[in-house]
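The structure appears below as C-alpha coordinates.
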Amino acid sequence: MHSLSEIVKKLEEIEHMIKDSEISEKDRELIQLILIKNMNIEAELYAKYLNGNSK
5 MHSLSEIVKK LEEIEHMIKD SEISEKDREL IQLILIKNMN IEAELYAKYL
55 NGNSK
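Going by our numbering, the sequence shown opens with residue 5, and the numbers climb by one from there.
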(Lines of atoms letter the chains of each structure in order from A; the text may use other names.)
(Lines give C-alpha, C1' and ligand atoms only; values in the text may rest on other atoms or scores of the structure.)
Protein backbone atom coordinates (compact mmCIF):
# COMPACT_ATOMS: atom_id res chain seq x y z
CA MET A 5 0.00 0.00 0.00
CA HIS A 6 1.33 3.42 -0.93
CA SER A 7 1.27 6.43 1.35
CA LEU A 8 -0.51 9.56 0.21
CA SER A 9 2.78 11.46 0.27
CA GLU A 10 4.23 8.94 -2.22
CA ILE A 11 1.19 9.43 -4.43
CA VAL A 12 1.58 13.22 -4.34
CA LYS A 13 5.24 12.90 -5.38
CA LYS A 14 4.30 10.65 -8.31
CA LEU A 15 1.56 13.04 -9.40
CA GLU A 16 4.03 15.92 -9.28
CA GLU A 17 6.40 13.90 -11.48
CA ILE A 18 3.57 13.24 -13.93
CA GLU A 19 2.63 16.91 -13.93
CA HIS A 20 6.21 17.85 -14.84
CA MET A 21 6.29 15.18 -17.55
CA ILE A 22 3.13 16.58 -19.10
CA LYS A 23 4.43 20.16 -18.95
CA ASP A 24 7.66 19.10 -20.66
CA SER A 25 5.91 17.05 -23.37
CA GLU A 26 5.40 18.13 -26.94
CA ILE A 27 1.84 17.17 -27.80
CA SER A 28 0.67 16.91 -31.37
CA GLU A 29 -2.60 16.21 -33.12
CA LYS A 30 -1.68 12.51 -33.41
CA ASP A 31 -1.67 12.25 -29.61
CA ARG A 32 -5.42 12.89 -29.25
CA GLU A 33 -6.25 9.30 -28.27
CA LEU A 34 -3.53 9.25 -25.64
CA ILE A 35 -4.69 12.59 -24.27
CA GLN A 36 -8.23 11.23 -24.00
CA LEU A 37 -6.92 8.17 -22.15
CA ILE A 38 -4.95 10.36 -19.73
CA LEU A 39 -8.00 12.54 -19.10
CA ILE A 40 -10.21 9.50 -18.46
CA LYS A 41 -7.69 8.03 -16.03
CA ASN A 42 -7.44 11.38 -14.27
CA MET A 43 -11.23 11.58 -13.93
CA ASN A 44 -11.28 8.05 -12.50
CA ILE A 45 -8.61 9.00 -9.97
CA GLU A 46 -10.56 12.10 -8.95
CA ALA A 47 -13.79 10.12 -8.59
CA GLU A 48 -12.09 7.49 -6.43
CA LEU A 49 -10.52 10.13 -4.18
CA TYR A 50 -13.78 12.05 -3.79
CA ALA A 51 -15.64 8.84 -2.94
CA LYS A 52 -13.08 7.90 -0.29
CA TYR A 53 -13.04 11.45 1.07
CA LEU A 54 -16.81 11.81 1.24
CA ASN A 55 -17.35 8.33 2.70
CA GLY A 56 -14.59 8.78 5.25
CA ASN A 57 -12.91 5.65 3.91
CA SER A 58 -9.41 5.52 5.32
CA LYS A 59 -8.43 1.92 4.61
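Ideal placement from N, C-alpha and C gives every residue a C-beta, glycine not left out.
Problem set entry | For residue 19 and residue 34, the rounded distance between their alpha carbons | So the alpha carbons of these two residues sit roughly 15 angstroms apart.
Exercise. In whole angstroms, what separates the C-alpha of residue 50 from that of residue 23?
Worked result: Note on geometry: alpha-carbon atoms of residue 50 and residue 23 lie some 25 angstroms from one another.
For this session: Output the distance between the C-alpha atoms of residue 52 and residue 14, rounded to the nearest integer angstrom.
Result: Looking at the two C-alpha atoms, the distance is approximately 19 angstroms.
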